[in-house]
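> Please see the structure below; I have some questions.
There are 2 protein chains.
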Amino acid sequence: MIIDCHGHYTTAPKELGDYRDQQKADLKKNAQHQAQKGTLKISDDQLRDSVEGAQLKLQRERGTDVTIFSPRASWMGHHLGNASTSKAWSEHCNDLIYRLTKLYPKNFVGVAQLPQSPGAPIDSSVRELARCVEELGFVGCNLNPDTSGGFFNGPSLADKYWYPLYEKMCELRVPAMIHVSEACNTPYFQTTGSYYLAADTVAFMQMMTSDLFKDFPELKLIIPHGGGAVPYHWGRFRGLAQDMKRPPLTEHLLKNIFFDTCVYHQPGIDLLTRVMPVENILFGSEMIGAVRGIDPETGHGYDDTRRYIEQTPHLTVSTRHMVYEGNARRVYPRLDKALTASGR
Amino acid sequence: MIIDCHGHYTTAPKELGDYRDQQKADLKKNAQHQAQKGTLKISDDQLRDSVEGAQLKLQRERGTDVTIFSPRASWMGHHLGNASTSKAWSEHCNDLIYRLTKLYPKNFVGVAQLPQSPGAPIDSSVRELARCVEELGFVGCNLNPDTSGGFFNGPSLADKYWYPLYEKMCELRVPAMIHVSEACNTPYFQTTGSYYLAADTVAFMQMMTSDLFKDFPELKLIIPHGGGAVPYHWGRFRGLAQDMKRPPLTEHLLKNIFFDTCVYHQPGIDLLTRVMPVENILFGSEMIGAVRGIDPETGHGYDDTRRYIEQTPHLTVSTRHMVYEGNARRVYPRLDKALTASGR
């Protein structure tokens, strides 16, 4: 089985965008506007239409089986509005993911967007995580390490601010993918190129310079986009850890941190699979996501990452199986049950 | 000849730090304090002592010849104080580099720190660049793309704000290395791990999303630290450019952007030399810099990048020569004259 650990619902019906636009309009009139969840009218047929010719078609074409599916990352927009804005918005986004997992239980397993908001307590995210896992059957969440949308002025991931969330994650046995949203300080940042990759690298370093995993030995975090700049600069990070008298990175971080394979060319995947222990690599494509074109050098989609995994010389049949399936089942302990329930 | 394009004066005598501490003390009393350059008493013997057992020793041991040498990047500290602070500080830092190039003309060629300051006009940097190139014989400058020290809230590198500097660089025929300084928003950022690499990637994307090199076809910029996350994610960047209807990156950027080899392990250098055209790679080590230890996996310094260049299968004798010397002479057009004058 091939489990894609990184897919966002980037093809939602127009009504979802309209709902968000109404939130923005309300906030324009009054930045303190207290959002009510209200209703979002999207039919099951609309949901089916939105994925049949898109994610499901590409799953079939590319030979992947299940996508660990979450709301569109660039639309999380935690910097917008206030805590009530994020709560109403996140609940709707998660509800749609839930409905898709019910319509296509063999194809999608849910991961939650959290209703984070700059300066707001993390409690609301803890509650939404519990709702999504316990009531909707989700197996993980996306955690935004920079709710400011590009100004990097909030608490480090090692800060006690996050501890109630980490406690709940450990209690529920769900991991988080560390994933920022849209950058609001353009053109300084471009969201899917520089901002995502910068945040990935920043997150790794925050963990390296802290004792987060001493406090939470069971906590599991996935750094997407192949770990940002981390594997390419693995020698730099090993050396920095050594200069800082931190433990070797394999001990210090690699029991808790995992990297997906959202690296869109063969040399990148070759490096990732050469440098990182295979236990720490999870198959992912972020399909349909940041890069949607066909690579003229290969004739295939840039984000058709299975091809690179198939071709890399650094994996064998058994280690490739770990990347495709085994590691995901370990990192997302609730996945087994969700897949069995779906008849997989 | 092996030219190291990336070395900072990280071993300056204590007096330089004392001078900076006095600046900070003055600013603490009055944030608007107008700095006077004043004097800095450091003897030639002190300068010799500061590099003989350090950079020069490692040059000899590692078999490199010349370092393109600039003031310590993490100490540029453009976020501190005001324009007068940066002006006095940068002039002293550059003066020390100049003196070292006079003491060791065969070993060091100067590159300037610019007296940038958040919100201040760029004119002061233009003047200091002209002084350093025309009077002190420097061959380039370091350009800080985020003078805020980690909040990424200034103008993009494609902004017209920088144009007077780019005009002067083209007129003088000197390139800039894009290099941030110390992060002030710790522990969110760690300077040499996450902040440097994030800024490198951000800089690349700013150029990709703009038409900067249409306006300045002769402008040459070096992205240090192996280009941040860029070569590892080259497929992503090619795909993003394609989705954005930008020209292919080889045309759009690679006549103007270059990457150094400050990547501290063999797999990283192998990727860099596999992915990037050899014309775009300049030998660099950032010695003595961010990572100073010995890699237990190799028994050699992490930053002894020559070893990786020697061992990578993607270079031949002639392309290795380009990385070591030929490309640097092309990217720094004033280097030939400086080297000839030194008897090299």
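So the protein sequences, as listed, match chains A and B.
Numbering-wise (this note's numbering), the first sequence opens with residue 1223 and increments by one.
Numbering-wise (this note's numbering), the second sequence opens with residue 1223 and increments by one.
Quick reminder that beta carbons are idealized off the backbone N, C-alpha and C, glycines included.
#1: Tell me which residues of the region 1437-1462 of chain A have at least one Cβ-Cβ distance to chain B shorter than 8 angstroms, keeping chain order.
#2: Taking A1305 (chain B) as the query, report the chain A residues whose CB atoms sit under 7 angstroms from its CB, ordered along the chain.
#3: When you compare each of B:N1329, B:R1468, B:G1506, B:E1519 to P1470 (chain A) by their alpha carbons, which one comes out closest?
#4: So the alpha helix (DSSP H) H1314 (chain A) belongs to, where does it begin and stop?
#5: Grouping DSSP H, G and I as helix and E and B as strand, with all else coil, what is Y1383 (chain B)?
#6: For the pair the region 1445-1463 of chain A and the region 1438-1455 of chain B, tell me if three or more CB-CB distances fall below 8 angstroms.
#7: What first and last residue would you give for the beta strand (DSSP E) that runs through S1292 (chain B)?
#8: For K1436 (chain A), tell me which candidate among A:Y1388, A:C1406, A:D1482 has the shortest Cα-Cα distance.
#9: Which whole-angstrom value describes the C-beta separation of Q1412 (chain A) and T1431 (chain B), a residue pair presumed to lie in contact below a C-beta threshold of 8 angstroms?
#10: Can you grab the Cα-Cα spacing for the pair I1479 (chain B) / P1340 (chain A), in whole Å?
#11: If the cut is a Cβ gap below 9 angstroms, which residues of chain A does G1580 (chain B) touch?
#12: Under the assumption that M1427 (chain B) contacts G1415 (chain A) (Cβ atoms under 8 angstroms), give the Cβ distance between them as a whole number of angstroms.
#13: Of the choices B:N1329, B:G1239, B:S1312, B:A1295, whose alpha-carbon is the least far from that of I1225 (chain B)?
#14: Report the neighbours of N1375 (chain A) on chain B: residues whose CB is nearer than 8 angstroms to its CB, in chain order.
#15: Closest Cβ-Cβ distance between Y1383 (chain A) and chain B: below 8 angstroms?
#16: Hey, would you say K1309 (chain B) sits closer than 8 angstroms to S1265 (chain B), going by beta carbons?
#17: Between M1429 (chain A) and chain B, is any beta-carbon pair separated by less than 8 angstroms?
#18: For the alpha helix (DSSP H) that contains H1230 (chain A), what are its first and last residues?
#19: Taking L1365 (chain B) as part of the beta strand (DSSP E), name the residues at either end of that continuous run.
#20: If we cut at 8 angstroms on Cβ distances, does H1230 (chain A) have a partner in chain B?
#21: As an exercise, report each continuous beta strand (DSSP E) stretch of at least 3 residues that is fully enclosed by the region 1327-1377 of chain A, in chain order.
#22: Assuming L1419 (chain B) is part of the beta strand (DSSP E), what are its boundary residues?
#23: Is the shortest distance between the beta-carbon of G1521 (chain B) and the beta-carbons of chain A less than 8 angstroms?
#24: Could you tell me whether the region 1521-1533 of chain B touches the region 1480-1493 of chain B, using the rule of 3 or more Cβ pairs below 8 angstroms?
#25: Just reading off the beta strand (DSSP E) that F1480 (chain A) is part of, what are its end residues?
#26: Going by C-alpha to C-alpha distance, which of B:L1249, B:V1361, B:A1276 sits closest to A1550 (chain B)?
#27: On the CB-based measure, 16 or more other CB atoms within 10 Å of its CB, does M1223 (chain A) come out buried or exposed?
#28: In terms of residues, what are the limits of the alpha helix (DSSP H) holding L1278 (chain A)?
#29: Is H1474 (chain A) buried or exposed, if buried means 16 or more other CB atoms sit within 10 Å of its CB?
#30: Give me the Cα-Cα distance between Y1554 (chain B) and I1444 (chain A), rounded to the nearest whole angstrom.
#31: Rounding to the nearest angstrom, what Cα-Cα distance links E1404 (chain B) and V1424 (chain B) in this structure?
#32: Opposite A1398 (chain B) in the DSSP bridges: which residues?
#33: List, in chain order, every chain A residue whose beta-carbon is nearer than 8 angstroms to that of V1485 (chain B).
#34: Since I believe N1316 (chain A) is in contact with P1293 (chain A) (beta carbons under 8 angstroms), could you give me their beta-carbon distance rounded to a whole number of angstroms?
#35: Suppose the cutoff is 6 angstroms on Cβ atoms and the five residues either side in sequence are ignored; what does the same chain contact list for D1517 (chain B) look like?
#36: Measuring straight from C-alpha to C-alpha, what distance separates F1459 (chain B) and K1263 (chain A)?
According to the structure data:
#1: So the close ones are H1447, G1448, G1450, A1451, P1453, Y1454, H1455, W1456, G1457, R1458, F1459, R1460, G1461, L1462.
#2: Think of a sphere of 7 angstroms around the beta carbon of A1305 (chain B): no beta carbon from chain A falls inside it, the nearest being about 21 angstroms out.
#3: B:E1519
#4: 1305-1325
#5: The three-state secondary structure of Y1383 (chain B), taken from DSSP, is helix.
#6: yes
#7: 1288-1293
#8: A:Y1388
#9: 5 angstroms
#10: 36 angstroms
#11: The structure shown does not extend to residue 1580 (chain B), since chain B spans only 1223 to 1566, so no value can be given for it.
#12: 4 angstroms
#13: B:N1329
#14: F1373, N1407, Y1410
#15: no
#16: no
#17: no
#18: Where H1230 (chain A) is concerned, there is no enclosing alpha helix (DSSP H), although the beta strand (DSSP E) it sits in stretches over 1225-1231.
#19: In the DSSP assignment, L1365 (chain B) falls within the beta strand (DSSP E) that extends over 1362-1365.
#20: no
#21: If we require 3 residues or more, the beta strand (DSSP E) runs fully inside the region 1327-1377 of chain A come out as 1330-1335, 1362-1365.
#22: No beta strand (DSSP E) holds L1419 (chain B); the alpha helix (DSSP H) holding it covers 1418-1430.
#23: no
#24: yes
#25: 1479-1482
#26: B:V1361
#27: That one is exposed.
#28: 1277-1284
#29: Classification of H1474 (chain A): buried, given that the 10 Å Cβ count is 16 or more.
#30: 42 angstroms
#31: 16 angstroms
#32: DSSP output for A1398 (chain B) lists B:C1363, B:L1443 as bridge partner(s).
#33: Y1454, H1455, G1457, R1458
#34: 7 angstroms
#35: Y1524
#36: 37 angstroms
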